[in-house]
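**Q** Chains as they are written, first to last, in our numbering: chain A, 6 to 206; chain B, 6 to 206.
In this text, a Cβ means the ideal position worked out from N, Cα and C, and glycines have one as well.
Being a predicted model, the structure only gives us computed values, none of them experimental.
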DNA sequence: CGCAGGATTGAAGGTGATCAAAGCATGTGG
DNA sequence: CCACATGCTTTGATCACCTTCAATCCTGCG
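#1: Within 8 Å (strictly less), CB to CB, does residue 116/A reach chain B?
#2: Anyone know if the C-beta pair for residue 179/A and residue 172/A falls short of 8 Å?
#3: Just to confirm the assignment, what range does the alpha helix (DSSP H) spanning residue 45/B have?
#4: Output, in chain order, the set of chain A residues within a Cβ distance shorter than 8 Å of residue 128/B.
#5: State yes or no: is the beta carbon of residue 80/B nearer than 8 Å to at least one beta carbon in chain A?
#6: Give the list of continuous alpha helix (DSSP H) stretches no shorter than 4 residues that lie fully inside the stretch 116 to 182 of chain B.
#7: Alpha carbon to alpha carbon, how far is residue 117/B from residue 123/B?
#8: Return the CA-CA distance between residue 69/B and residue 137/B, expressed in angstroms with no decimal places.
#9: Can you find a C-beta in chain A that's less than 8 Å from the C-beta of residue 170/B?
#10: May I ask you to report which of helix, strand or coil DSSP gives residue 82/A?
#11: If the cut is a Cβ gap below 7 Å, which residues of chain A does residue 56/B touch?
#12: If I follow the unbroken beta strand (DSSP E) through residue 53/B, where does it start and stop?
#13: Hey, residue 26/A and residue 84/A: beta-carbon distance below 8 Å or not?
#14: Since residue 66/A contacts residue 49/A with CB under 8 Å, what's their CB separation in whole angstroms?
#15: Using only the alpha-carbon positions, how far apart do residue 73/A and residue 140/A sit?
#16: Shorter than 8 Å from the beta carbon of residue 173/A to some beta carbon of chain B?
#17: Give a yes or no on whether 8 Å exceeds the smallest Cβ distance from residue 121/B to chain A.
#18: Determine the contact status of residue 42/B and residue 98/B, defining contact as a CB-CB distance below 8 Å.
#19: Does DSSP classify residue 92/A as helix, strand or coil?
#20: Grab the span of the alpha helix (DSSP H) containing residue 205/B for me, first residue to last.
#21: Going by the CB atoms, is the gap between residue 206/A and residue 168/B shorter than 8 Å?
#22: Kindly indicate which three-state DSSP category residue 112/A falls into: helix, strand or coil?
#23: To the nearest angstrom, report how far apart residue 1/A and residue 162/A are at their CA atoms.
#24: Beta carbons nearer than 7 Å to chain A: which residues of the stretch 134 to 152 of chain B have them?
#25: Leaving out five residues before and five after residue 39/A in sequence, what residues of the same chain have Cβ atoms less than 8 Å from its Cβ?
#26: Roughly how many angstroms lie between the CA atoms of residue 147/A and residue 186/A, to the nearest whole one?
#27: Return the CA-CA distance between residue 153/B and residue 143/B, expressed in angstroms with no decimal places.
#28: Is the CB-CB distance between residue 110/A and residue 30/A below 8 Å?
#29: Assuming contact is defined by CB atoms lying nearer than 8 Å, are residue 155/B and residue 196/B in contact in what I supplied?
#30: Can the beta-carbon of residue 203/B be found closer than 8 Å to that of residue 151/B?
#31: Would you please verify whether the beta carbon of residue 77/A is less than 8 Å from any beta carbon of chain B?
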């Protein structure tokens with residue numbers, strides 16, 4: 006998958022293109038055709054689906070280097086929106102050379118890994134375990150300094166299958182127990198890795 | 006993946022083999038090396054993992070024709086056990102011709118689909134929704150006659166992230182509402198598809 | 001400085017977990 | 001063939017946790 010052959014914006018129908026999105030902009034819609042693959046260059050995005058009662062389930066968060074847009078059905082089960090301003094490359098997924106197919110398998114594998122991790126998260130019983138595991142896996146990308154969260158509480162809640170309030174309360178508790186510190190709502194640092202790890206088990 | 010080149014039992018270290026397992030027998034262990042792929046010929050199996058507190062999470066149920074054993078990590082995150090007596094073919098997954106790799110991609114895709122469906126299930130909020138969706142997707146394989154469940158209540162509970170008692174109570178309710186009928190604990194028939202479908206959304 | 005959306009906190013209620021016991025089915029041995 | 005043992009399922013009672021609804025508090029930004 007040669008996502009690096011970037012062209013200018015506005016050529017979405019071409020084989021390969023690079024497009025910028027502003028925060029909260031939609032990259033593709035739930036229900037649309039699954040005919041393209043996307044690689045995130047800069048920023049962060051979120052995939053989410055709405056069930057018929059209007060409840061939202063966040064599928065995944067993607068970060069620079071991640072490929073998204075791969076699904077097993079011909080129509081997108083999840084829509085994707087930009088969490089922050091971001092730069093996205095995309096190609097038509099039907100334009101397959103042998104080389105690309107080989108990488109497609111790798112992308113599928115990556116996606117399977119992501120979904121499997123999410124499954125473990127949702128399988129956890131208590132809110133503490135879920136939140137702890139979420140913070141842990143997010144903080145892992147930056148073990149030393151403070152980490153900036155691109156998503157809001159609602160996104161986290163819908164990702165973990167919890168209510169916003171429960172997420173908020175749990176974060177407050179973890180702070181009171183000095184397990185994590187939140188200098189701002191969207192920025193945190195793990196202060197007690199051992200405790201957090203034990204919680205998430 | 007030529008899982009059809011069966012040989013006799015007892016040649017597990019060979020390239021391809023067919024083995025019979027009795028109900029409750031272990032096919033492979035959580036933590037073992039992920040070096041083989043399995044195709045279920047007859048019977049039903051269950052994949053499950055234990056977290057460090059001893060809680061069990063059922064990953065999936067597999068039925069004749071399904072391929073299992075594919076995982077993204079070098080060590081099995083899930084162990085697999087026979088639910089009923091069954092016949093299993095397996096091959097070394099490292100013995101890859103081009104042809105086999107092409108099919109490996111397809112297996113990965115199938116697995117991704119299964120895991121994604123499970124994710125939707127676990128994302129559901131209420132026990133009713135979960136149980137309804139489980140029955141629905143299981144009954145889909147046999148729309149007319151009664152369906153025999155190869156797994157017990159505990160398996161269902163661990164698959165849905167619920168307690169056995171909640172599963173049992175929910176099934177009782179669904180029976181009282183004449184949505185499903187259980188002539189025996191392990192055999193059921195959907196009597197009101199529309200209602201069940203609406204529950205599962 | 002003031003506004004708006006997000007985040008937090010509070011109170012009340014519901015839903016599912018847990019603990020405990022009883023009911024059923026299957027299989028074994030007397 | 002019946003009695004009993006065993007394991008699975010169901011039911012009951014209580015409790016903890018999470019959700020919901022509501023209000024207040026931030027904080028980032030114009």
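**A** Let's see:
#1: Closer than 8 Å to the CB of residue 116/A there is at least one CB belonging to chain B.
#2: The Cβ atoms of residue 179/A and residue 172/A lie no closer than 8 Å to each other.
#3: Looking at the DSSP string, residue 45/B is not in any alpha helix (DSSP H); the run it does join, the beta strand (DSSP E), is 41 to 47.
#4: Going along chain A in sequence order, the residues near residue 128/B (Cβ under 8 Å) are 62, 127 and 166.
#5: Look at residue 80/B: its C-beta is not under 8 Å from any C-beta on chain A.
#6: Assignment of alpha helix (DSSP H) within the stretch 116 to 182 of chain B, counting only whole runs of 4 or more residues, yields 132 to 144, 158 to 165 and 169 to 181 in chain order.
#7: Those two C-alpha atoms are separated by around 10 Å.
#8: When rounded, the separation of the alpha-carbon atoms in residue 69/B and residue 137/B is 23 Å.
#9: Under the Cβ distance rule, residue 170/B does not count among the residues neighbouring chain A, no pair being separated by less than 8 Å.
#10: Reduced to three states, the DSSP call for residue 82/A is coil.
#11: By Cβ distance, chain A contributes 206.
#12: Following the DSSP letters along the chain, one finds residue 53/B inside the beta strand (DSSP E) bounded by residues 50 to 55.
#13: Annotated as distal: residue 26/A and residue 84/A, with beta-carbon spacing of 8 Å or more.
#14: That belief holds up - the Cβ atoms of residue 66/A and residue 49/A are roughly 6 Å apart, short of 8 Å.
#15: Those two C-alpha atoms are separated by around 22 Å.
#16: Among the CB atoms of chain B, none fall inside 8 Å of the CB of residue 173/A.
#17: Using beta-carbon distances, residue 121/B counts as an interface residue toward chain A, with a partner under 8 Å.
#18: Cβ atoms of residue 42/B and residue 98/B: closer than 8 Å.
#19: Here residue 92/A sits in strand by DSSP.
#20: For residue 205/B, the enclosing alpha helix (DSSP H) begins and ends at 198 to 205.
#21: Against a cut-off of 8 Å, the Cβ pair of residue 206/A and residue 168/B comes out as no contact.
#22: It is helical.
#23: Look at the range of chain A in this structure, 6 to 206, and you will see that residue 1/A is not part of it.
#24: Listed in chain order, the positions of the stretch 134 to 152 of chain B with a beta carbon within less than 7 Å of a beta carbon of chain A would be empty, since no residue qualifies.
#25: So the qualifying residues of the chain are 74, 75, 76, 78, 79, 80, 81 and 98.
#26: So the two alpha carbons sit approximately 15 Å from each other.
#27: Spanning the two alpha carbons is a distance of roughly 10 Å.
#28: No; because the gap between Cβ atoms is not below 8 Å, this pair is not in contact.
#29: No, these two residues do not count as a Cβ contact at 8 Å.
#30: No, they are not a contact pair.
#31: The C-beta of residue 77/A comes closer than 8 Å to at least one C-beta of chain B.
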